[in-house]
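In this note's numbering, the protein residues as written are 2 to 342. By construction, the Cβ of each residue, glycine as well, lies at the ideal position given by its N, Cα and C atoms. The block underneath contains the structure these notes are about, expressed in structure tokens.
Next up, the structure:
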């Protein structure tokens, strides 16, 4: 704590870390006390760029965790480091906001889940689009029964991540980027789970590759069967030549939602065509477009009020298990049942 406020640390000083920092700085209940990076020069440059003052700098993660004012942290390092850093932070008793993906394999996923449960710390996983205005509008409409029970759903994540992206050099490597779904398409998997609130029983997926620089197939599409019989389709493409697309289609017994359009005989008995929902779409891959303020405020509220997040690590484990199942299905050419053994 510092002056009655939660002491916040950010480990990793890249693109997304800057958005975390801005959101923390706008929250009156916390203060950034520590910044960690591979080099002290990088950490200092990060702080200077954002105007963060009275902060300590670290290159060693354990020393960062030992900071006497540190209560909670954001893990904003490359994906292959998230699991071990989460385990160590939990063991140190720190509350953790974890950038996605949280882990690149099932073993690490379960190790970190166990560590967090044993430590009893609060976690939020950065599926930040849950705070996007369209996502929140759709969720509210579904909870009101606007289209009734959803029996078919599609979510597509299409985002060309080529050499023009800073993360491209490491994102294309399997040991760091993981897969199309782990790297970025996980937002689509989380969105489907968020909207439907149901468990997946089985998946079948196919993958392909056009851009040969990728060490994994950057395009994957799969069909999901939920425990109640609902069918879903998810696609993720990182090698597409198109403006950023996040497509959402939900077919219900009383109507349909297609992105920011709704056709609902329940809400509008005389409706003859789709009505437009005035909202903000998730139509950009730029992290500055993502609603990090809502996510950070939620994280701080969970800590201060001692409540569990709807997108804590335990919830994110289910999203990641679906991803691992889809990747396994595409690799082996067979359906894969959930939960994974």
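Closest Cα partner of residue i within the set the options
{"i": "residue 214", "options": "173, 100, 132", "result": "173"}
{"i": "residue 219", "options": "31, 236, 230", "result": "236"}
{"i": "residue 331", "options": "234, 223, 294, 246", "result": "223"}
{"i": "residue 178", "options": "102, 311, 64, 26", "result": "102"}
{"i": "residue 85", "options": "73, 105, 67", "result": "105"}
{"i": "residue 155", "options": "249, 165, 242, 94", "result": "249"}
{"i": "residue 319", "options": "54, 44, 296, 128", "result": "128"}
{"i": "residue 315", "options": "282, 98, 157", "result": "98"}
{"i": "residue 280", "options": "264, 260, 289, 268", "result": "260"}
{"i": "residue 143", "options": "267, 63, 160, 48", "result": "267"}
{"i": "residue 149", "options": "38, 269, 265, 195", "result": "265"}
{"i": "residue 209", "options": "339, 334, 67", "result": "334"}
{"i": "residue 229", "options": "273, 243, 286, 153", "result": "153"}
{"i": "residue 46", "options": "65, 18, 325", "result": "18"}
{"i": "residue 336", "options": "285, 27, 201, 241", "result": "201"}
Contact under 9 Å by Cβ, residue i with residue j
{"i": "residue 52", "j": "residue 151", "result": "no"}
{"i": "residue 147", "j": "residue 113", "result": "no"}
{"i": "residue 192", "j": "residue 227", "result": "no"}
{"i": "residue 300", "j": "residue 73", "result": "yes"}
{"i": "residue 44", "j": "residue 36", "result": "yes"}
{"i": "residue 77", "j": "residue 160", "result": "no"}
{"i": "residue 339", "j": "residue 126", "result": "no"}
{"i": "residue 7", "j": "residue 32", "result": "yes"}
Residues bridged to residue i [DSSP beta-bridge criterion]
{"i": "residue 226", "result": "203, 232"}
{"i": "residue 247", "result": "158"}
{"i": "residue 276", "result": "263"}
{"i": "residue 6", "result": "3"}
{"i": "residue 258", "result": "251, 263"}
{"i": "residue 12", "result": "37, 76"}
{"i": "residue 238", "result": "159, 220"}
Local Cβ density within 10 Å of residue i, reported as buried at 16 or more and exposed below that
{"i": "residue 309", "result": "exposed"}
{"i": "residue 141", "result": "exposed"}
{"i": "residue 231", "result": "buried"}
{"i": "residue 69", "result": "exposed"}
{"i": "residue 277", "result": "exposed"}
{"i": "residue 313", "result": "buried"}
{"i": "residue 124", "result": "buried"}
{"i": "residue 115", "result": "exposed"}
{"i": "residue 283", "result": "buried"}
> If you scan the segment 21-96 from start to end, which runs of the alpha helix (DSSP H) of 4 or more residues do you find wholly inside it?
Replying inline: 41-51, 62-66, 83-92
> At what residue ranges does the segment 108-177 contain a whole run of the beta strand (DSSP E), taking only runs of 3 or more?
Replying inline: 124-126, 151-159
>> I'd like the ranges of any alpha helix (DSSP H) spanning at least 4 consecutive residues and lying wholly in the segment 286-314.
In response: 293-306
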